[in-house]
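Student: What follows is a structure written as structure tokens; I'll ask about it next.
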Amino acid sequence: MVEVEKKPISLEKWLFAGFAVTMLLSTVMIILASSGKESVYSAYVTDAEGDYQLQQVNVMSDDLGENGMGYTVANTMSTPMLVNDWREPHRTMLMVISPEKPFDEAEANAIHDFVTKSGGKVIIASDSDNAQRVAEKFGVTYFPVPMMDSLRYYETHVQNDPTTKTSSDMRNVWALASIDRDVREMGDGPRSMGCDELMLSQNSISECRSPVLFRQATALQLLQEEDPIDPEQARNAMYLAHASTAAFLDNQGNKDVNDPKNTRLGEGETGLIVRIDYPGIEVLDKVRGDREDMVSVTGSIVFISNDDSFANFLWDKDTAERTGHPSYCNPDYYLDHACWNGGDDGLNPGTDTAWKGNSAFFSALLVDMMEHDNDEISNTVTRHREQFYVVF
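Following this line, the structure appears as structure tokens:
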């Protein structure tokens, strides 16, 4: 019998085996940790159990896509950094709804470059500080505690029973939002004008405000006018919506408006929606004459202090009404606080004061950010929404 020499296992094989085992265990742990958890804020879940379907954003995705507004809807697959690889980033809108974990430094820098160098468009909605690393690249801060407003909170009723009001919750805030102007700088006339459907559809948006509902939001604050990374780059930073002067951060978790440790941020500083535009970015696109040339575009990013604002139950008017969110202000429900159809800084009751679902405002905002009116780009592009991308 020939005796076979036994060779020791090399270090490389031991390391490879260890790596393989580690990867296998990691995969198993992720599967175990994720088992039993329902996905929320997904653009692709359509059959979640019970009320979980109300917390998806598939209705928004459908409304924006091929059978709705006509945009090309796509998926980032894994990381927001991949959005920089799109062929026309200045015609791409990245939607980040309720990030599950904090952005890392590379992702935050990639999003900043996408907006400020490539002219990309971004909407980030979060009511935690998971978006903070991105926000600070733009001079914005998210507060990691709930915000409450004792003057501007909306009332709901029991599902399918409009006669029975549910318990009041000062975390459920309403605001009147502008699309393209700093709401603090609007005159009395535009501030009191409610945007009707014709104004929103024709982008006649600069002289009116729309009601937007938030569920258990936090607050945003714009810390500086200039860009923190490149202070020389031109930009326009604005509050599109903010809470009332009575709003406070519930730092102590006691919901006590009189607790001095529950911070008040000041007049017009308790932000709910912040928009920042970067005009004058030069990119390549199709121009008149069916040729490519450099054009000037505007990169835009919008920070929103609540993810539920995009969920099915607040996005879609019919779903909202079915779940107890009426489109009008029931006077019996607003005896000791304001609704948006009148009062101090409310809408003129003689204008359109109906809440049309949050889709009315955010759809018009998205269209405005996409620059369909950019006359430097060929109208064979700007008139065809399928050549613009919405990426979830």
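If you count the sequence shown from 1, you need to add 1097 to reach this note's numbering.
Backbone N, C-alpha and C fix where the C-beta goes; we use that ideal spot for every residue, glycine too.
No experiment lies behind these values; they were computed from the predicted model shown.
#1: Could you give the DSSP three-state label for T1430: helix, strand or coil?
#2: Considering Cα atoms alone, identify which of E1197, L1161, E1204, D1353 is closest to M1190.
#3: Does DSSP classify T1479 as helix, strand or coil?
#4: With DSSP collapsed to three states, give me the class of L1320.
#5: For P1287, which of helix, strand or coil comes out of DSSP?
#6: CA-CA distance, N1206 and T1213?
#7: Spatial neighbours of V1478 within its chain, please: C-beta separation below 6 Å, excluding the five flanking residues on both sides.
#8: Evaluate contact between the segment 1330 to 1344 and the segment 1357 to 1367, counting only Cβ atoms and requiring at least three cross-stretch pairs below 8 Å.
#9: Could you give the distance in angstroms between the alpha-carbon of Q1349 and the alpha-carbon of F1211?
#10: Ends of the beta strand (DSSP E) at E1379?
#11: Between the segment 1216 to 1225 and the segment 1421 to 1436, are three or more C-beta pairs nearer than 8 Å?
#12: Between L1381 and D1390, what straight-line distance do the alpha-carbon atoms span, to the nearest angstrom?
#13: Are the CB atoms of N1155 and A1140 within a distance shorter than 8 Å?
#14: Just to confirm before moving on: does the CB-CB distance between V1487 and V1170 stay below 8 Å?
#15: Buried or exposed: which applies to H1481, given that a residue is buried once 16 or more other Cβ atoms fall within 10 Å of its Cβ?
#16: Can you tell me where the beta strand (DSSP E) holding T1395 begins and where it ends?
Tutor: Result, derived from the coordinates:
#1: It should be noted that the sequence gives Tyr, not Thr, for residue 1430. In this structure, Y1430 counts as helix in the three-state DSSP scheme.
#2: The closest CA to that of M1190, considering only E1197, L1161, E1204, D1353, is found on L1161.
#3: Helix.
#4: In the three-state scheme derived from DSSP, where H, G and I count as helix and E and B as strand, L1320 is classed as coil.
#5: In the structure shown, P1287 falls within a helical segment according to DSSP collapsed to helix, strand and coil.
#6: Cα to Cα, the separation comes out at about 10 Å.
#7: Result list for V1478: K1383, Q1484, in chain order.
#8: The segment 1330 to 1344 and the segment 1357 to 1367 touch, with no fewer than 3 CB-CB distances between them shorter than 8 Å.
#9: Distance between the alpha carbons of Q1349 and F1211: 37 Å.
#10: Note, E1379: beta strand (DSSP E), 1368 to 1384.
#11: Contact between the segment 1216 to 1225 and the segment 1421 to 1436 is absent, because fewer than three Cβ pairs lie under 8 Å.
#12: Spanning the two alpha carbons is a distance of roughly 5 Å.
#13: In this structure, N1155 lies closer than 8 Å to A1140 by Cβ.
#14: Yes, these two residues count as a Cβ contact at 8 Å.
#15: Exposed: under 16 other Cβ atoms inside 10 Å.
#16: Looking at the DSSP string, the run of the beta strand (DSSP E) that includes T1395 is 1388 to 1401.
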